[in-house]
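Numbering (numbering that gives the first Met the number 0), first residue to last: 0 to 473.
Glycine is no exception: its CB is placed at the ideal position from the N, C-alpha and C atoms.
Predicted model only: the values in this text are computed from it and were never measured.
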Amino acid sequence: MNCSVLRSLVSFLAVGALAAPGIASDPAMFGGTPSRNMVSSAKNLPAGWDADSGENIKWDQALGSQSYGGPVVAGDAVYIGTNNEVPRDPSIQGDKGVLMAFDKESGDFRWQVVHDKLSAGRVHDWPYQGICSTPYIEGETIYYVSNKAHVIAAETATGDTKWSLDMIEELDVFPHNLAAGSPLIIGDILFTVTGNGVDEGHVNIPSPLGPSFIAVNKRTGELVWESDLPAGNILHGQWSNPAYGEAGGRAQVIFPGGDGWVYSLDPKSGKLIWKFDTNPKDSIWELGGMGTRNNLVGTPVFHDGKVYIGVGQDPEHGEGPGNFWVIDASGSGDITASGAVWHRGGEEFGRTISTAAIADGILYIPDLSGRLYALDANTGEHFWTYDAFAAVWGSAFVADGKVYMGDEDGDIAILKTGKELEVIDEINMGSATYTTPVAEDGVLYVATRNHLWAIAEGAKPAPAEAAEKGAEGR
0 MNCSVLRSLV
10 SFLAVGALAA
20 PGIASDPAMF
30 GGTPSRNMVS
40 SAKNLPAGWD
50 ADSGENIKWD
60 QALGSQSYGG
70 PVVAGDAVYI
80 GTNNEVPRDP
90 SIQGDKGVLM
100 AFDKESGDFR
110 WQVVHDKLSA
120 GRVHDWPYQG
130 ICSTPYIEGE
140 TIYYVSNKAH
150 VIAAETATGD
160 TKWSLDMIEE
170 LDVFPHNLAA
180 GSPLIIGDIL
190 FTVTGNGVDE
200 GHVNIPSPLG
210 PSFIAVNKRT
220 GELVWESDLP
230 AGNILHGQWS
240 NPAYGEAGGR
250 AQVIFPGGDG
260 WVYSLDPKSG
270 KLIWKFDTNP
280 KDSIWELGGM
290 GTRNNLVGTP
300 VFHDGKVYIG
310 VGQDPEHGEG
320 PGNFWVIDAS
330 GSGDITASGA
340 VWHRGGEEFG
350 RTISTAAIAD
360 GILYIPDLSG
370 RLYALDANTG
380 EHFWTYDAFA
390 AVWGSAFVAD
400 GKVYMGDEDG
410 DIAILKTGKE
420 LEVIDEINMG
430 SATYTTPVAE
440 DGVLYVATRN
450 HLWAIAEGAK
460 PAPAEAAEKG
470 AEGR
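Spelled out as C-alpha cells, the structure:
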C-alpha cells in the first residue's frame, strides 16, 4: 500500500474510533470491504424463518415495486435504493428513483431522497428501475450514484445533499439504460464506474472518449482523474463496480470494462498497471445474447493477490456460455496469456452477473441459470453444485457457516459451508430476490423485489396489524 493511502486510512480509523452513537464508525459498502468479497464475520444468524407467520422476523418494510441495489447497514440505519411505485409521500407520484433509510432496530421509516427520471428516457434511465446503486457509507456521509448519473454525497441523518457530480453534463458520459455504479472509497478518493455505453440503436458509442472509470475527491466532489478505457470498444453498457487490493507490491483499483477486459489502475493516477481479456479470442458479440462474447456485470473480488471475476451480459439477454477467471494481479501490461491462475467455462459455467464469495479456501459463485458452484479457490477443483432452478441475479453471501442465496422465484436457499453439499432450508419470500443479503449483530437483512426484511433467531412475530401493514406491496 502506498504511504499516502496508508496515512489516510490510519487517520480515518483514528477518527472513526471516536464516532458518536448512531454514526457509522466503519465504512459500509457493497461487498462489505474494498475487496468486495461477499463474506461476513457476523455470527448467530438465522438458519430458518417464516415470512408468513413472522417466525424469526424482526421487522419488515415495503419498498417500491422493483429493487436491485442491495441493502447496506451502517450506524443505526439501513439504506437501500428502490423506485416510487409504492409512494411513501402521497404528494410525490410517478416514476422516480428513490433512496430510503430505515431504523436498524425497529425498522421505522426515516427518510427518502427522490430523483426525477432523465428526460431522454430508457436509453439513459430505464423505466421503473429506481436507484440500483448500492451506497457507500462512511461516518456521517452516504455516497451513491443516482438514476440521473449523479455521483452524490449526502447526510446520513437526513439525506440532504453535500455535493453532486453530474457525470452527463460535466464529464460527457452517455449511460446506457442506467448509471448504477456502487462507489468505493480509499483514503480521500471515491472510485466508480460511470455507466458509459452505446446508443439506443446499440450500434454507436455516442461518447467514446467519455470516461468509463473515474476518481473523485470524496470531500468536494472534484474530479481527481478519469479514464476512457475501454473507449470505442464498449459492447453494450457498464453496470459493475470497482474493487481494491494489493499485489506485486502495488496498490490497485480493479475496474471491469464494458469490452470484457479487466483493468488494474493505479489508485492515485489512474494509469494502467495491467489488463486481462476475459473472452476467448474467437468469441463473437451478438446483441440479444446469441453470441459467445460477454461483458462484465459482476463485481471483481480481490483476494490473496488474485482477482476473481465471471463474465455475463444484461440478464434480459438470457442464459448462455460463460467463463469464470482467477487472475494473478502481480503482473504488468497485457497479462491475458500469462495471468490466468485457473479458469472454468464452456458447459461448466454459464453467464453470471454475480460476485464471488471466498471463505476458508472455498469459492462460492452462482451463474445466471441458478447453479451455485463450490470450488477450490486456489485450484478450481469442483466440490459441489446446488441448483436453484431459477435465475440468480444477486450473489451468494457467506457468514456464520452458512451460504445464503436468493433467486428470481423468491426463494432464499440456506446451505452449509464446506466441501459437501448440505441444504439447511429453502424459504419462499413471496417476491423475487435480485439482491444479496447482508448481516450485522445477529440480524440478516434481505431485500426482495418490493420488500425489506430484518431476520433474527428468536425474533417475535409482528403484531397482526403491523404484519398486515407490512404485507402491503408484496
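Q | N- and C-terminal bounds of the beta strand (DSSP E) containing residue 233 | A | Position 234 of the sequence shown, counted from the first residue, corresponds to residue 233. Counting along the chain, residue 233 falls outside any beta strand (DSSP E), and DSSP gives it neither H nor E.
(Q) Relative to the C-alpha of residue 299, which candidate in 338, 355, 276 and 320 has its C-alpha closest? (A) For this step, residue 299 is matched to residue 300 along the sequence shown. The shortest Cα separation from residue 299 among 338, 355, 276 and 320 belongs to 355.
Q | C-beta contact flag for residue 38 and residue 439 at 7 Å | A | By 1-based counting over the sequence shown, the position of residue 38 is 39. By 1-based counting over the sequence shown, the position of residue 439 is 440. No. Outside cutoff.
Q: Give a yes or no on contact between the segment 200–208 and the segment 184–191, applying the rule of three or more CB pairs nearer than 8 Å.
A: no
Q. Is the beta carbon of residue 225 sitting closer than 7 Å to the one on residue 210?
A. Here residue 225 is taken as the residue at index 226 of the sequence shown, counted from 1. Here residue 210 is taken as the residue at index 211 of the sequence shown, counted from 1. A contact, by the Cβ cut-off of 7 Å.
Q) So is residue 388 buried or exposed if we call it buried at 16+ other beta carbons inside 10 Å? A) By one-based count along the sequence shown, residue 388 stands at place 389. The residue in question, residue 388, is exposed, as its Cβ has fewer than 16 Cβ neighbours within 10 Å.
(Q) Is the beta carbon of residue 102 closer than 7 Å to that of residue 452? (A) Counted from its first residue, the sequence shown places residue 452 at position 453. Counted from its first residue, the sequence shown places residue 102 at position 103. The answer is no: Cβ separation not under 7 Å.
Q) For residue 343 and chain D, any beta-carbon pair shorter than 7 Å? A) Reference to chain D is not applicable here, since this structure consists of a single protein chain.
Q) Based on Cα-Cα distance, which residue from 112, 105 and 146 lies nearest to residue 156? A) Working through the sequence shown from its first residue, we reach residue 156 at position 157. Residue 112 is the option with its Cα nearest to residue 156.
**Q.** Span separating the alpha-carbon of residue 2 from that of residue 49
**A.** Position 3 of the sequence shown, counted from the first residue, corresponds to residue 2. Position 50 of the sequence shown, counted from the first residue, corresponds to residue 49. For residue 2, the predicted model reports a pLDDT of 36, less than 50, meaning its position is unreliable and no value from the coordinates is stated.
Q) In three-state terms, what does DSSP make of residue 315? A) On the sequence shown, position 316 is the one that residue 315 refers to. Three-state DSSP puts residue 315 in a helix.
Q | Rounded C-alpha distance that separates residue 345 from residue 339 | A | Taking the sequence shown and counting its residues from 1, the one referred to as residue 345 is at position 346. Taking the sequence shown and counting its residues from 1, the one referred to as residue 339 is at position 340. Between residue 345 and residue 339, the C-alpha separation is close to 16 Å.
**Q.** Secondary structure, beta strand (DSSP E): runs of 3+ residues fully inside the segment 171–225
**A.** 183–185, 188–192 and 212–216
Q | Local Cβ density within 10 Å of residue 474, reported as buried at 16 or more and exposed below that | A | Residue 474 lies beyond the range of the chain shown here (0 to 473); nothing can be said about it.
Q: Might you give, ordered along the chain, the residues of its own chain that have their beta carbon closer than 7 Å to the beta carbon of residue 265, omitting 5 neighbours on each side?
A: Here residue 265 is taken as the residue at index 266 of the sequence shown, counted from 1. Result list for residue 265: 272, in chain order.
**Q.** Identity of the residue in 429, 366, 414 and 319 nearest residue 491 by Cα
**A.** Residue numbering for the chain in the displayed model covers 0 to 473; residue 491 lies beyond these limits and cannot be assessed.
Q.
Does residue 122 come out as helix, strand or coil in the three-state DSSP assignment?
A. On the sequence shown, position 123 is the one that residue 122 refers to. If DSSP states are grouped into helix, strand and coil, residue 122 belongs with the helices.
Q. Within this structure, are the beta carbons of residue 431 and residue 441 separated by less than 7 Å?
A. Position 432 of the sequence shown holds residue 431. Position 442 of the sequence shown holds residue 441. Not a contact, by the Cβ cut-off of 7 Å.
Q) Under the DSSP definition of a beta bridge, which residues are partnered with residue 82? A) Along the sequence shown, read from residue 1 onward, the residue named residue 82 stands at position 83. Looking at the DSSP assignment, residue 82 forms a beta bridge with 96.
Q: Could you check the C-alpha separation between residue 316 and residue 368 for me, to the nearest Å?
A: Here residue 316 refers to the residue found at position 317 when the sequence shown is read from its first residue. Here residue 368 refers to the residue found at position 369 when the sequence shown is read from its first residue. Looking at the two C-alpha atoms, the distance is approximately 12 Å.
Q. Between 44, 294 and 178, which lies nearest to residue 319 when the distance is taken from Cα to Cα?
A. For the purposes of this step, residue 319 is identified with residue 320 of the sequence shown, where counting begins at 1. Per the Cα distances, 294.
Q.
Please state whether the Cβ-Cβ distance between residue 352 and residue 397 is less than 7 Å.
A. In the sequence shown, residue 352 corresponds to position 353, counting from 1. In the sequence shown, residue 397 corresponds to position 398, counting from 1. No.
Q | Proximity to residue 36 [Cα-Cα], best of 348, 171, 289 and 394 | A | Reading the sequence shown from its first residue, position 37 is the one you call residue 36. Out of 348, 171, 289 and 394, 394 has the C-alpha closest to the C-alpha of residue 36.
Q: Compute the Euclidean distance between the alpha carbons of residue 366 and residue 289, then round it to the nearest angstrom.
A: For this step, residue 366 is matched to residue 367 along the sequence shown. For this step, residue 289 is matched to residue 290 along the sequence shown. Their Cα atoms are separated by approximately 17 Å.
Q. What's the call for residue 419, buried or exposed, on a 16-neighbour Cβ count within 10 Å?
A. Here the question's residue 419 lines up with position 420 in the sequence shown. Residue 419 should be labelled exposed.
Q | Cα-Cα separation between residue 254 and residue 262, rounded to whole angstroms | A | Translated into positions along the sequence shown, residue 254 becomes position 255. Translated into positions along the sequence shown, residue 262 becomes position 263. Their backbone Cα atoms lie some 5 Å apart in a straight line.
Q: Would you mind listing the alpha helix (DSSP H) stretches within the segment 393–442 that are 4+ residues and don't spill past its ends, in chain order?
A: none
Q. Touching or not, the segment 273–288 and the segment 212–227, by the rule of three or more beta carbon pairs under 8 Å?
A. no
Q: Pick out the complete beta strand (DSSP E) segments inside the segment 307–380, 3 residues or longer, and give them in chain order.
A: 320–327, 339–349, 356–358, 361–365 and 370–375
(Q) One question on the structure: do residue 140 and residue 166 come within less than 7 Å of each other, judged by their Cβ atoms? (A) In the sequence shown, residue 140 corresponds to position 141, counting from 1. In the sequence shown, residue 166 corresponds to position 167, counting from 1. Contact flag unset, no.
(Q) Alpha carbons only, please: which of 329, 429 and 40 is nearest the one belonging to residue 445? (A) Taking the sequence shown and counting its residues from 1, one reaches residue 445 at position 446. For residue 445, the nearest C-alpha among the options comes from 429.
Q: May I have the straight-line CA-CA distance separating residue 70 from residue 246, to the nearest angstrom?
A: Taking the sequence shown and counting its residues from 1, one reaches residue 70 at position 71. Taking the sequence shown and counting its residues from 1, one reaches residue 246 at position 247. Computed Cα separation, rounded: 30 Å.
Q: Pull up the CB-CB distance for residue 180 and residue 223, whole angstroms please, since I reckon it's below 8 Å.
A: In the sequence shown, the residue the question calls residue 180 occupies position 181. In the sequence shown, the residue the question calls residue 223 occupies position 224. Wrong, their Cβ atoms sit about 16 Å apart, outside the cutoff.
Q | With 16 other Cβ atoms within 10 Å as the buried cut-off, status of residue 92 | A | Counting from 1 along the sequence shown, the entry for residue 92 is found at position 93. It counts as exposed.
**Q.** C-alpha gap between residue 154 and residue 326, whole angstroms
**A.** Working through the sequence shown from its first residue, we reach residue 154 at position 155. Working through the sequence shown from its first residue, we reach residue 326 at position 327. Residue 154 and residue 326: Cα-Cα distance of roughly 38 Å.
(Q) Let me check understanding here. Comparing Cα to Cα, which of 81, 87, 106 and 33 lies closest to residue 97? (A) Indexing the sequence shown from 1 puts residue 97 at position 98. With distances taken between Cα atoms, residue 97 lies closest to 81.
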